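Some notes on the structure that comes next.
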Amino acid sequence: MILHKTKQASSCLPTKGEKIKIPIQNTTYSMESYTQGLLTSHLDDLAHPVVMIIEDSDEDFYTFTRVTQNLDILKRSLYKFLRFKDGDESLDYLFREGDYQSLNAPLPVVILLDLNLPGTDGRDIIKKVKQTPHLQMIPIIVLSTSSSHIDIQTCYQYGANCYMLKPMGVLEMQKTVQILFEHWFQLALLPSYGQFIV
-4 MILHKTKQAS
6 SCLPTKGEKI
16 KIPIQNTTYS
26 MESYTQGLLT
36 SHLDDLAHPV
46 VMIIEDSDED
56 FYTFTRVTQN
66 LDILKRSLYK
76 FLRFKDGDES
86 LDYLFREGDY
96 QSLNAPLPVV
106 ILLDLNLPGT
116 DGRDIIKKVK
126 QTPHLQMIPI
136 IVLSTSSSHI
146 DIQTCYQYGA
156 NCYMLKPMGV
166 LEMQKTVQIL
176 FEHWFQLALL
186 PSYGQFIV
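Numbering of the sequence shown is given in my numbering, commencing with residue -4 and proceeding in unit increments.
This is how it looks when you write it as structure tokens:
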């Protein structure tokens, strides 16, 4: 399930009153109920591990989500994807500040992070998360178009767990996401995942 939490409504959302279809559930919703679900349905969910995606590009995010729809349902059905579009609100969510002060929900099991973001930069997010004892165990996977040696070194110095290049094209993206899912969500044992296993 893909969830969005942004300060402003995405330009890719349907217009007010327009009916949309959610392919997985094959259900039609009004604009109001759809956006309300996106903004609130994750907040009190204690049963599903959350993959936090910090990505400001709608195009890159929707390419990613289209690719995940082609993966085996068992590889993604356990997870909810929660998207943020800027660094400042991402930190508010992680540190339970601002609008999230009273949020009572598990922290994300993984953070997928773009580097160049509005507000706080992705590099600073890595640094702040990895310097905070109760957050530092969350794996951070950088998914960026930058192949800069300086960016790569900086991210690992700050504590990133993985740095992957964001490829151009749907087929290349599909291969990258397949590898990412197989490694991090099938082979690797995530530090906080045990709380979700019944």
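Backbone N, C-alpha and C define an ideal beta-carbon position, used for all residues, glycine too.
The model shown is predicted, which means the values in this text are computed figures rather than measured ones.
Per DSSP, the bridge partner or partners of residue i
i      : result
Leu73  : For Leu73, which the question treats as bridged, DSSP gives no partner whatsoever.
Tyr153 : Paired residues: none, contrary to the question.
Ile147 : For Ile147, which the question treats as bridged, DSSP gives no partner whatsoever.
Met159 : Leu138
Neighbour-count burial assignment, residue i, 16 or more Cβ in a 10 Å radius
i      : result
Leu182 : exposed
Glu92  : exposed
Leu98  : exposed
Lys170 : exposed
Asp116 : exposed
Pro44  : buried
Leu138 : buried
Leu184 : exposed
Asp53  : exposed
Glu177 : exposed
Pro128 : exposed
Asp94  : exposed
Continuous alpha helix (DSSP H) stretch holding residue i: start and end
i      : result
Tyr57  : Asp53 to Gln64
Leu175 : Val165 to Phe176
Start-to-end residues for the beta strand (DSSP E) that takes in residue i
i      : result
Leu138 : Ile135 to Ser139
Q: Determine, using beta-carbon pairs with one atom in the stretch 79 to 87 and one in the stretch 112 to 120, whether at least three such pairs fall under 8 Å.
A: Contact between the stretch 79 to 87 and the stretch 112 to 120 is present, because at least three Cβ pairs lie under 8 Å.
Q: Inspect the CB distances between the stretch 55 to 62 and the stretch 160 to 170 and report whether three or more fall short of 8 Å.
A: Segments in contact, yes.
Q: Mind listing, in chain order, the continuous alpha helix (DSSP H) runs of no fewer than 4 residues lying wholly within the stretch 74 to 118?
A: Entirely contained in the stretch 74 to 118, the alpha helix (DSSP H) runs reaching 4 residues are, in chain order, 82 to 90.
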